[in-house]
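Residue numbers (the numbering used here), protein chains in the order written: chain A, 31 to 173; chain B, -9 to 267; chain C, 489 to 614.
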Amino acid sequence: MSDITRHDNRLGVWGWLGGGRWGVERYAYILHRLSGLGILSYFLMHIVVTSLRAWGIYLWVEGGFFHQPIFKFGEFLVYAAFAYHAFNGIRLVLVELGFAVGQPIEPIYPYKTSLNVQRPLLILMMVLAGILLVAGGYEFLGL
Amino acid sequence: MSEASKAVRQINFHVARFNPEVDRAPYVKTYQIPVREGMTVLDGLHYIKDNLDPSLAWRYSCRMGICGSCGMLLNGRPTLACNTQILHIATQDLTVGPLPNFDIIRDLVPDLASMFEKHRSLKPYVIRADEAQIDDPGGEFYQSPQELEAYLQFAYCIKCGCCMAACPTLATDVRYLGPMPLSAAQRYNRDTRDDGRRDRNLLSGSAHGAFRCHYAGECSRVCPKGVDPAKAIQHLKRQLVLDYLHLARRKKPCLKLSGPGQGKPLPNIPAAPAKTA
Amino acid sequence: MRETKYWTWHMAAGVVILLLLGLHMLTMHVGGITHLFAPQGGEATSKANSLFRDSSLFFTVTYILLLAVALYHGLYGLRTILFELTLKPATEKALTFVLLIAGLGLFGLGAWAAVAVHAVAGAAAG
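1. Does the contact criterion of 3 or more C-beta pairs under 8 angstroms hold for the region 101 to 108 of chain B versus the region 154 to 172 of chain B?
2. Does Glu169(A) come within less than 8 angstroms of chain B when only Cβ atoms are used?
3. Please classify Arg581(C): does DSSP put it in a helix, a strand, or coil?
4. Can you give me the Cβ contacts of Ala558(C) inside the same chain, cut-off strictly under 6 angstroms, excluding the 5 residues immediately before and after it?
5. For His606(C), count neighbouring Cβ atoms within 10 angstroms of its own Cβ and tell me buried if that reaches 16, exposed if not.
6. Does Gly199(B) come within less than 8 angstroms of chain C when only Cβ atoms are used?
7. Measuring alpha carbon to alpha carbon, tell me which residue in Asp83(B), Phe201(B) and Pro10(B) is nearest His225(B).
8. According to DSSP, simplified to helix, strand and coil, what is Arg36(A)?
9. Kindly indicate if chain A contains any beta-carbon less than 8 angstroms away from that of Ser346(B).
10. Identify whether Lys19(B) lies in helix, strand or coil by the three-state DSSP scheme.
11. Please compile the residues from chain C whose C-beta is within a distance smaller than 8 angstroms of the C-beta of Arg83(A).
12. Under 8 angstroms, Cβ to Cβ, is there at least one residue of chain C near Ile153(A)?
13. For Thr584(C), which residues in the same chain have their Cβ closer than 8 angstroms to its Cβ, ignoring the five residues on either side in sequence?
14. When DSSP labels each residue in this structure, what does Gly87(B) get in the three-state scheme?
15. Please report the distance separating the alpha-carbon of Ala140(B) from that of Pro134(A).
16. CB-CB under 8 angstroms to Ala174(B), same chain, minus the five flanking residues each way: which ones, in chain order?
17. My assumption, with CB atoms under 8 angstroms, is that Tyr560(C) sits in contact with Ala612(C). Please give the rounded CB distance.
18. Taking Thr533(C) as the reference, give the member of Arg40(A), Phe96(A) and Leu107(A) with the closest Cα.
19. Since Phe117(A) and Ala159(A) are thought to touch, with beta carbons under 8 angstroms apart, how far apart are those beta carbons, to the nearest angstrom?
20. Use the C-beta contact count for Trp495(C): other C-beta atoms within 10 angstroms, 16 or more gives buried, fewer gives exposed.
21. List the endpoints of the continuous alpha helix (DSSP H) containing Gln123(B).
22. Can you give me the Cβ contacts of Ile56(B) inside the same chain, cut-off strictly under 7 angstroms, excluding the 5 residues immediately before and after it?
23. Would you decide whether Val586(C) is buried or exposed? Buried here means 16 or more other CB atoms lie within 10 Å of its CB.
24. Under 8 angstroms, Cβ to Cβ, is there at least one residue of chain A near Met489(C)?
25. Which ranges would you report for the alpha helix (DSSP H) in the region 94 to 165 of chain A if only whole runs of at least 4 residues count?
26. Which runs of the alpha helix (DSSP H), 4 residues or longer, sit entirely within the region 11 to 56 of chain B?
27. Whose Cβ in chain A lies nearer than 7 angstroms to the Cβ of Gly610(C)?
28. Using a C-beta cutoff of 8 angstroms, does Trp497(C) count as contacting chain B?
29. Give me whichever residues DSSP pairs with His4(B) in a beta bridge.
30. Of all Cβ atoms in chain B, is any one closer than 8 angstroms to the Cβ of Ser65(A)?
31. Would you identify the three-state DSSP class for Ile589(C), choosing helix, strand or coil?
32. Would a check of beta-carbon distances place Phe571(C) closer than 8 angstroms to chain B?
33. For Met513(C), which three-state DSSP category applies?
34. Hey, quick one: how far does the beta strand (DSSP E) through Leu273(B) stretch, first residue to last?
35. Which of the three DSSP states is assigned to Val(-2)(B) in this structure?
36. Kindly identify the DSSP beta-bridge partner or partners of Pro100(B).
Put into structure tokens, the structure is as follows:
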């Protein structure tokens, strides 16, 4: 068996992003990763920039380098990423600790899986994230 | 039989072909097949082999969704070929490919050895201290219907590999154990006859174990037997955390009843009537 | 059990961040609606408000706590994503070590800065 050449058929990173017809939970997972990476890259810079205040350098106040509309918009994106990541994270903490997925049942076709059980929670979390997003947008748009 | 069901449609099967002795990479070959209502994808593949191209290779056996041999990628979704009606998923074109996340041996045949190795490494069998009783039993194990229900769903797995093909983590992480082995581990962890949970935890709680699952849920969506491996893995994670925090309930594996008539009856069960013969 | 330990703390850190970062967001980005913690008026990010928070013990302590849990949560998340790229075991060990050092370094920088400005602002106010 070992002397037969095999062809590697892994989807690779394309398997994270695309590759077939999926359910909404998979897109939620992708967005959770992207928002997490976005927040992390902002956060690492944020630590350095805010630590500069110990040397009297305030880059974010009026007149500072970061007090420009493009950076304000970037900040809003980070805020949006946080709103999504936080509420999806609440759902994941509940789901991955075994709550909101249901107990083992006798599978009767058409199958109702744990995805059906946690779907209302997903919808609730997305609505709450949307509300937070609007509240932040109101602030960021300077209304 | 109504006229509509006798109607024949021409469906294009775009089948992935790969002969390792000749080809460097898989390519797609198209076959046009007359399809009647009720024909499964497996029937279509047989038609190709019988009439169009005898060199096509794929795995199949029971043709009724119980052996798990014919898992393949149909219109982008991993599922069983014998279980899928052509006209339910295609109106004109149907793409047929081998299960992703496995090496391809030939055409539509994936190399499932890695999945079975991972499955074996998680010790998918009853483990007890009284080993002699498993091999040479002196009675039956006691297990109530409720205790059976706690793991029965995960026992329906036919090891077809569709969940492994759908999992996003397995797309990049070769060492991830995967939904099938992990739900098999949970099936034995919840079996009251078994006492091997801590053994299995060493591997299922490792760097490429249950915690590389992020509940994308694709495994449960594609499972042809409704096993819901995603649910099994989340319950497994909860048990791993409880074991880490030393909050797990201490339970002995269930008792053996030694021989007929020697078990202790439950409190509210009336005594048997006297023998008449 | 090591991975189980890391993951459990990752979940716990997430919950703590929800509270602390939520508070941070309310302070910084929803102040127009809630008018929290901006006693100097106007933008929460103004110099006056920044100095106010520097001098406050509550903000100093919660910032340092938020820094610690957020660094742990974020860097463990990054480690998870990188681990799923099929690395060699030696690379995995090295990566864990590098992320640990980076995390400790950034925590040291941020915590020191928070304490330093608190001492200065406290001295200036008092």
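We put the CB at the ideal spot given by N, CA and C, even for glycine.
Looking at the atomic coordinates:
1. Three or more beta-carbon pairs separated by less than 8 angstroms link the region 101 to 108 of chain B to the region 154 to 172 of chain B, which places the two stretches in contact.
2. No, because no Cβ of chain B sits closer than 8 angstroms to the Cβ of Glu169(A).
3. Correcting the residue type first, residue 581(C) is Lys in the shown sequence and not Arg. Helix, per DSSP.
4. Answer for Ala558(C): Ile505, listed in chain order.
5. Per the 10 Å Cβ criterion, buried.
6. At a cut-off of 8 angstroms between C-beta atoms, Gly199(B) counts as an interface residue with respect to chain C.
7. Here the closest residue by C-alpha is Phe201(B).
8. Three-state DSSP puts Arg36(A) in coil, outside helix and strand.
9. Shown here, chain B extends from -9 to 267; a query on residue 346(B) therefore has no answer.
10. Of the three classes helix, strand and coil, the one that applies to Lys19(B) here is strand, per DSSP.
11. Neighbours of Arg83(A) on chain C, chain order: Ser538, Asp542, Ala601 and Val605.
12. Output row for Ile153(A): interface = no.
13. Contacts found: Arg567.
14. Three-state result, Gly87(B): strand.
15. Computed Cα separation, rounded: 6 angstroms.
16. Taking Ala174(B) as the centre and dropping the five residues before and after it, the same chain places the C-beta of His109, Leu112, Pro114, Phe144 and Cys147 closer than 8 angstroms to its C-beta, in chain order.
17. Not confirmed; about 33 angstroms, so no contact.
18. Of the listed residues, the one whose Cα sits closest to Thr533(C) is Phe96(A).
19. Yes, Phe117(A) and Ala159(A) are in contact; Cβ-Cβ is about 4 angstroms, under 8 angstroms.
20. Trp495(C) counts as buried, since no fewer than 16 other beta carbons sit within 10 angstroms of its beta carbon.
21. Segment Glu121 to Asp125, the alpha helix (DSSP H) holding Gln123(B).
22. The residues are Ile148.
23. Classification of Val586(C): exposed, given that the 10 Å Cβ count is below 16.
24. Not an interface residue.
25. Listed in chain order, they are 99 to 126.
26. Runs of the alpha helix (DSSP H) inside the region 11 to 56 of chain B: 31 to 37.
27. For a Cβ distance threshold of 7 angstroms, nothing in chain A lies close to Gly610(C): the least Cβ distance comes to about 14 angstroms.
28. At a cut-off of 8 angstroms between beta-carbon atoms, Trp497(C) makes no contact with chain B.
29. Beta-bridge pairing links His4(B) to Thr20(B) and Thr85(B).
30. Not an interface residue.
31. Of the three classes helix, strand and coil, the one that applies to Ile589(C) here is helix, per DSSP.
32. Nearest CB-CB separation between Phe571(C) and chain B: below the 8 angstroms threshold.
33. Residue state, collapsed to three classes: helix.
34. As displayed, chain B neither begins before -9 nor continues past 267, which places residue 273(B) out of reach and without an answer.
35. In this structure, Val(-2)(B) counts as strand in the three-state DSSP scheme.
36. DSSP, once it has assigned bridges, lists Ile94(B) as partnering Pro100(B).
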